[in-house]
Ligand SMILES: Nc1ncnc2c1ncn2[C@@H]1O[C@H](COP(=O)(O)OP(=O)(O)O)[C@@H](O)[C@H]1O
Ligand SMILES: [Mg+2]
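Shown next, in the form of structure tokens:
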């Protein structure tokens, strides 16, 4: 669906490239994430993919067509969620959506329905200038969906949202995937990347370091250990075991048999620990 | 359908901003002013009767420039709210939207000029000349928009640039007050030709002056459009 080879981009009057020779591929129907700290080059990459920046080097193919051969019909098939809110402050939420809907040839989803998806139905006829940042971000998000695009580009879709609304947006993203949409998203939140993405790429200083499923990243990088917590005469004890050969480990088995177990955990690495391990930087 | 939604949204954007809503009605205020004031001051200073066309031209031009200012405010609001990238990812080419808006303010400027020319009854140009005069005035609307929006980074700067631009627009009116061919030197300003179309000094045939005015101001409009596109989309 999206194929990127040796993509680089340098902002005017900058010496170092913001995106530096990156290659990756997004398959149809998957959620592909760019995970990286602020300033890594995530938004820059997205702006190239949505044809806002055209003076890049390298090859980009979207829906089997080189990016520069796409005309304006590209945007009938692609939905974009921007990183920062951008709406008419003096127009209401519904008016904003209606205005932007008028630019599409294809049928668009009714503003009321879109607003309901993100819990803004009560605020449909309020001017956007009275909206909080989170409300504006939700409006940004549904605007990307209104023409039912095949590919979604979402730049930090959950940033600045409270947990409940973050949850709501993540559910919509998963629903879109269930409908067969392809989704490219960027985030600096490892929990979101972990939960949403079929595959993630770590990006730092404009470079991609690794691309894999969150699961195998954790498997490869996790310590193969098990943590046991159990009570003895009213005291709690912790003990750690190697996962390898644990079935023959007498001590482990004895504790399981005799003691009152409070908890058992395998020591999974979190994505951010893996991120630090691989890139040497924090998210 | 789609055109209607866009025009309606623009109108809402204008009317929800009190100062912009006011500007829209300024031509009507000018009309009232130009009907009431001249008969009064001409009683005391009959010589002013000679300057009716001068005065009319200035008010027509301010009216159309004001319409341009209104549109530049909408565009600056779009700049403030970082809406330009949004337009870039919509399937309608941005030029189409600009063309639509340019036409709307040109029509408004055109009608405002006609309103002043016919409504004030200060000078009788006849129908066809009046239409040509209003047409050349109307070109100033969008060129003002593009110039202001290219240089101003926000709405406050927009107001400053409008004042500055207005001064520059009015400067060449001096040319038509000069009763020698020296006045033609102001012809380097495209707007000199608009004033000169209203008040022909007699050095060049009126029809030719109007033609030059239309051409010069169309060129200015085109150049300001290119400037705007370059400044906005790199
Ligand atoms: N308009 C710009 N002009 C110059 N440099 C920029 C511009 N936008 C971003 N950058 C730089 O490019 C790098 C990548 O930025 P960005 O893609 O926005 O990162 P991210 O989205 O991952 O936070 C950063 O070093 C940033 O400072
Ligand atoms: Mg970013």
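Residue numbers (the numbering used here), protein chains in the order written: chain A, 152 to 434; chain B, 10 to 243. For glycine and all other residues, C-beta sits at the position ideal for the given N, C-alpha and C.
query: Contact list for residue 85 (chain B) against chain A, beta-carbon separation under 8 Å; result: Result: empty, since nearest Cβ-Cβ is about 12 Å, beyond 8 Å.
query: Contact list for the region 218 to 234 of chain A against chain B, Cβ threshold 8 Å; result: 223, 224, 225, 226, 227, 229, 231 and 233
query: Near ligand 2: residue 356 (chain A) beta-carbon under 7 Å from a heavy atom; result: no
query: Residues near residue 70 (chain B) in its chain [Cβ-Cβ closer than 8 Å; skip 5 each side]; result: 146, 149, 178, 179, 200, 203 and 204
query: Cβ pair count under 8 Å reaching 3, the region 234 to 251 of chain A against the region 71 to 91 of chain B; result: yes
query: Check whether residue 227 (chain A) and residue 298 (chain A) have beta carbons under 8 Å apart; result: yes
query: Any C-beta of chain A under 8 Å from that of residue 11 (chain B); result: yes
query: Of the listed residues B:86, B:34 and B:158, nearest to residue 239 (chain B) (C-alpha basis); result: B:158
query: Collapsed DSSP secondary structure at residue 375 (chain A) in the structure displayed; result: coil
query: Cβ of residue 134 (chain A) within 8 Å of any chain B Cβ; result: Residue 134 (chain A) lies beyond the residue range present for chain A, which begins at 152 and ends at 434; the question has no answer from this structure.
query: Bounding residues of the alpha helix (DSSP H) (the contiguous stretch that carries residue 343 (chain A)); result: 341 to 347
query: Option in A:261, A:290 and A:260 with minimal Cα separation from residue 274 (chain A); result: A:290
query: Terminal residues of the alpha helix (DSSP H) in which residue 24 (chain B) lies; result: 11 to 24
query: Identified DSSP bridge partners for residue 434 (chain A); result: According to DSSP, which records beta bridges pairwise, residue 434 (chain A) is partnered with nothing at all.
query: Exposure label - residue 339 (chain A); buried when at least 16 CB within 10 Å; result: buried
query: Own chain residues within Cβ distance below 6 Å of residue 410 (chain A), not counting five before or after; result: 381
query: Any non-hydrogen atom of ligand 1 within 7 Å of residue 239 (chain A) CB; result: no
query: Residue from A:163, A:184, A:390 and A:153 with nearest C-alpha to residue 354 (chain A); result: A:184
query: Spatial distance of residue 110 (chain B) from residue 43 (chain B) (CA atoms); result: 29 Å
query: Residue 320 (chain A) and residue 312 (chain A) closer than 8 Å at C-beta; result: yes
query: As assigned by DSSP and simplified to three states, the class of residue 206 (chain A); result: coil
query: Neighbourhood of residue 117 (chain B) by C-beta distance below 6 Å, restricted to the same chain and skipping five residues each side; result: 76
query: Residue 72 (chain B) and residue 125 (chain B) closer than 8 Å at C-beta; result: yes
query: Chain-ordered list of residues that sit, by beta carbon, closer than 7 Å to a heavy atom of ligand 2; result: A:189, A:193, A:194, A:234, A:306, A:307 and A:337
query: Under 7 Å by beta carbon: chain A residues contacting residue 25 (chain B); result: 241
query: Contact check, residue 201 (chain A) vs residue 207 (chain A), beta carbons under 8 Å; result: no
query: Terminal residues of the alpha helix (DSSP H) in which residue 277 (chain A) lies; result: Neither: residue 277 (chain A) is in no alpha helix (DSSP H) and is coded neither H nor E.
query: Cβ-based neighbour list, residue 358 (chain A), same chain, cut-off 6 Å, excluding 5 preceding and 5 following; result: 171
query: CB contact check: residue 249 (chain A) to chain B, cutoff 8 Å; result: yes
query: N-terminal and C-terminal residue of the beta strand (DSSP E) that residue 155 (chain A) is part of; result: 153 to 160
query: Residue burial classification, residue 164 (chain A) (beta-carbon count within 10 angstroms, cutoff 16); result: exposed
query: Below-8 Å beta-carbon distance, residue 255 (chain A) vs any chain B residue; result: yes
query: Near-chain A residues of the region 99 to 126 of chain B - C-beta to any C-beta below 7 Å; result: 99, 100, 101 and 102
query: 3 or more residues per run - each beta strand (DSSP E) lying fully within the region 293 to 319 of chain A; result: 302 to 306
query: is_contact[residue 246 (chain A), chain B] using C-beta, thresh 8 Å; result: yes
query: Check: residue 117 (chain B) C-beta below 7 Å from any heavy atom of ligand 1; result: no
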